[in-house]
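For reference, each letter of the sequence shown is one residue, going 1 to 563 in the UniProt record's numbering.
Note that the Cβ used here is the ideal one computed from N, Cα and C, for glycine as well.
Accompanying notes for the structure given below.
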Amino acid sequence: MTYRALYRVWRPQTFSDIVGQQHVTRTLQNALRQQRFSHAYLFSGPRGTGKTSAAKVMAKAVNCEQGPAPEPCNACEACQQITNGSILDVVEIDAASNRGIEEIRDLRDKVKYAPTEVRTKVYIIDEVHMLTPEAFNALLKTLEEPPSHVLFILATTEPHKLPLTIVSRCQRFDFHRVSPEIMVERLKHVCEQEGIQADESALSFIARVSEGGLRDALSLLDQAYASGGDCITENVVRTIVGTVADSSFHQIVTFIAERKTAQMLDMVSELVQEGHDPEKFAEDFLGYLRDMLLVKTAPNLPETEQLLKIQPSLAELAEQFTEEAVFAMMEEANDALSQMRRTNQPRIMLELLLVKLTHVSNERQQVKSSELASLIKRVEQLEQDVRKRSVQAAHRQGEVAKEDGADAVKIDGSKRKSSEMSPSQLQKVRAVLERADAASLANIKDVWPDILASVKERKITVHAWLIDGVPTAADEGHLVLAFKNVIHRETTEKPDHKQLIEEVIEQVTGRAYKLVTCMQNEWKRLEESSAGREQAAAGHVDQDEHVRQALEWFGEDLVEIRD
């Protein structure tokens, strides 16, 4: 038999061949370069990520006739014998089948003997977590103080099962799952070198189902090539692993969105008749929903971009559901998957799941729509309340009486309403009105559009309140704004809003102004009152002039002044 499996042909022979584990290989190479490598290493991580391969490369690098070197030459006799597994000084032990204390005692007895063919004796113990507690205790002393010519490399997929006394005596390296992007590039390289034709979608699917294990990916590629003919397609790979095509999941989710229960159940029946396992179907369906969630919540992730490259229709499908609906469907699918593992009728549980999803997704969509309708109704109600408040405030502000020539605001109750202006506020407006000059107001009105635009750039919410105000009077340091709406005036009066507006006015006009606000009806009343006083004063002036002339003409004895 001359054919060798792809994962054996492409097993890493140097550190540079190890894919996706640069954080491990870089450290080991630096240690070899500086001749500061430890007596014991612990390699942990998922299956198929290169733990045992890295251990054998390390054994070659330590014993290479050109080294110890950062990379083995793979040409000397020592490297070739370690690669072939024919050297006695590099011992590879499977702890799953040699887990007892007797095997470890035998190892402990042989450790003290010097190597016969290379400079360092290397013990590679795979799946070391399978050793019994007694075997660990027997190994502990040797691992703590080994002879200078011995190197231990322990490999495991479950490091949490190791005693802490073992872990603390090793340098630990955690191997990561190989990312789909790196794995696809590696598979492309293998296909090019082996002359294999494969669709990119097929390689991407292989990378996904391999769950970060490059060895599993190469094995699946090998199997697909054997059954796929001239070109490996995604459907060929799906047939091998027994998963449903994404197009089928797309159709099922579409049926769920459209509540076409009968068509959906017919399709599921056909898939089960083709030999698809209901439990595997539910597991893959949960993964498809997860892809939909990624598209909705994280469209810029590299993984999402790769998904959309392979399944461009996934984005359009995801738009038919809210995030809450996808969450609910994933929860239901996860619960159903747990129940399938405990039932004798997984197909019934699968059908029940899909029927429930047609109701769950639509209920969540209806809840979303009803929530939106409720919010719209609340906003409309608030707008009505604001209008009513404005009318009531204007009515209250109109109830004003004059007593002893002074303006007094009648206030009902012991507490002043927030929509009414206090006497001190009215006095501020009156003071500006008395000092106002037309030139200052004209200057403000000329640049008022610029002021509004600048406020909008600084804070659009303040602009929304300020736009209701109209400049009505100004002196050298004050500006009066009259508002129609009470809420607009009160919000503009907030200290931070007021400060922002004053800063913008100073920036645009080049002069500092203090902002004074009032309601438009109050402004009209004050303006009319001021005009009346001016007319009265003018009348008195005219009357005094006539009296003076009469006194000049007729004398004080003949002139009688009457009111």
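**OP:** Would you kindly report the start and end of the unbroken alpha helix (DSSP H) that includes I82?
**Re:** Residue 82 sits at position 82 when you count from the first residue of the sequence shown. Element bounds for I82: 77 to 84.
**OP:** Using only alpha-carbon positions, find the residue among I124, E102, A69 that is nearest to G85.
**Re:** For the purposes of this step, residue 85 is taken as the residue at position 85 of the sequence shown. Residue I124 is the option with its Cα nearest to G85.
Original post:
Using the C-alpha atoms, what's the distance from L314 back to V295?
Top reply: Your numbering for residue 295 matches position 295 in the sequence shown. Your numbering for residue 314 matches position 314 in the sequence shown. Cα to Cα, the separation comes out at about 8 Å.
Subject >> T165: first and last residue of the uninterrupted alpha helix (DSSP H) it sits in >> reply: Here residue 165 refers to the residue found at position 165 of the sequence shown. Unbroken alpha helix (DSSP H) run through T165: 164 to 167.
Original post:
Taking just the CA atoms, how far does P12 sit from L28?
Top reply: Reading the sequence shown from its first residue, position 28 is the one you call residue 28. Reading the sequence shown from its first residue, position 12 is the one you call residue 12. Going by the C-alpha atoms only, they are around 15 Å apart.
Subject >> Span of the alpha helix (DSSP H) around P423 >> reply: Residue mapping note: residue 423 aligns to position 423 of the sequence shown, counting from 1. Counting along the chain, the alpha helix (DSSP H) containing P423 begins and ends at 423 to 435.
**OP:** Report the residue from F285, E522, N485, E457 whose alpha carbon sits nearest the alpha carbon of Q384.
**Re:** The sequence position of residue 384 within the sequence shown is 384, counting from 1. The residue with the shortest Cα to Cα distance from Q384 is N485.
Original post:
Can you give the Cα-Cα distance for I240 and E234, rounded to whole angstroms?
Top reply: As a working note, residue 240 is residue 240 in the sequence shown. As a working note, residue 234 is residue 234 in the sequence shown. Distance between the alpha carbons of I240 and E234: 10 Å.
**OP:** Please classify D94: does DSSP put it in a helix, a strand, or coil?
**Re:** One-based indexing of the sequence shown puts residue 94 at position 94. Of the three classes helix, strand and coil, the one that applies to D94 here is strand, per DSSP.
**OP:** Name, in chain order, the residues that DSSP records as bridge partners for S44.
**Re:** Numbered from 1 along the sequence shown, position 44 holds the residue referred to as residue 44. Its beta-bridge partners are T156, D174.
**OP:** Evaluate L88 with the Cβ neighbour count: other Cβ atoms within 10 Å of its Cβ, from every protein chain shown; 16 or more gives buried, anything less gives exposed.
**Re:** Against the sequence shown, residue 88 aligns to sequence position 88. Exposed, because fewer than 16 other Cβ atoms sit within 10 Å of the Cβ of L88.
Original post:
Smallest Cα separation from residue 610: which of D199, E270, R525?
Top reply: Outside the displayed range of the chain (1 to 563) lies residue 610, so it cannot be described from this structure.
**OP:** Kindly indicate which three-state DSSP category K112 falls into: helix, strand or coil?
**Re:** Here residue 112 corresponds to residue number 112 of the sequence shown, with the count starting at 1. Reduced to three states, the DSSP call for K112 is coil.
Subject >> One or two residues paired with H478 in a DSSP bridge >> reply: Here residue 478 corresponds to residue number 478 of the sequence shown, with the count starting at 1. In the DSSP output, where bridge partners are listed per residue, H478 has K514.
Original post:
Quick one: what does DSSP say Q499 is sitting in, helix, strand or coil?
Top reply: In the sequence shown, residue 499 corresponds to position 499, counting from 1. It is helical.
Original post:
Distance, Cα to Cα, R489 vs R435?
Top reply: The residue labelled residue 489 in the question sits at position 489 within the sequence shown. The residue labelled residue 435 in the question sits at position 435 within the sequence shown. R489 and R435: Cα-Cα distance of roughly 23 Å.
Original post:
Which residue from V91, M267, T243, R238 puts its Cα closest to that of Q251?
Top reply: On the sequence shown, residue 251 is found 251 positions in, with the first residue counted as 1. Closest option to Q251, Cα to Cα, is M267.
Subject >> Residue range of the unbroken alpha helix (DSSP H) whose run includes I310 >> reply: The sequence position of residue 310 within the sequence shown is 310, counting from 1. Run containing I310: 302 to 310, per the alpha helix (DSSP H) assignment.
**OP:** Mind checking who A473 pairs with in its DSSP beta bridge?
**Re:** Working through the sequence shown from its first residue, we reach residue 473 at position 473. The partner list for A473 (beta bridge, DSSP) reads V480.
Original post:
DSSP three-state call for Q384: helix, strand or coil?
Top reply: Within the sequence shown, numbered from 1, the residue matching residue 384 stands at position 384. The answer is helix: DSSP assigns Q384 an H, G or I state.
Original post:
What number of angstroms, rounded off, separates the C-alpha of T297 from the C-alpha of S204?
Top reply: Here residue 297 refers to the residue found at position 297 of the sequence shown. Here residue 204 refers to the residue found at position 204 of the sequence shown. Between T297 and S204, the C-alpha separation is close to 22 Å.
Original post:
In the structure shown, what three-state DSSP assignment does A217 receive?
Top reply: On the sequence shown, residue 217 is found 217 positions in, with the first residue counted as 1. Note: A217 maps to helix in three-state DSSP.
**OP:** Could you name the residues of the same chain whose beta carbon sits closer than 8 Å to that of L500, not counting the 5 residues immediately before and after it, in chain order?
**Re:** Translated into the one-based positions of the sequence shown, residue 500 becomes position 500. V455, R458, K459, V462, listed in sequence order.
**OP:** Note down, in chain order, each residue of its chain lying with its Cβ closer than 8 Å to the Cβ of E332, except the 5 sequence neighbours on either side.
**Re:** Here the question's residue 332 lines up with position 332 in the sequence shown. Excluding residues within five positions, the ones whose Cβ falls inside 8 Å are L353, K356, L357, V360.
Subject >> Simplified DSSP assignment, three categories, for K198 >> reply: Translated into positions along the sequence shown, residue 198 becomes position 198. Note that residue 198 corresponds to Ala in the displayed sequence, not to Lys. Correct three-state label for A198: strand.
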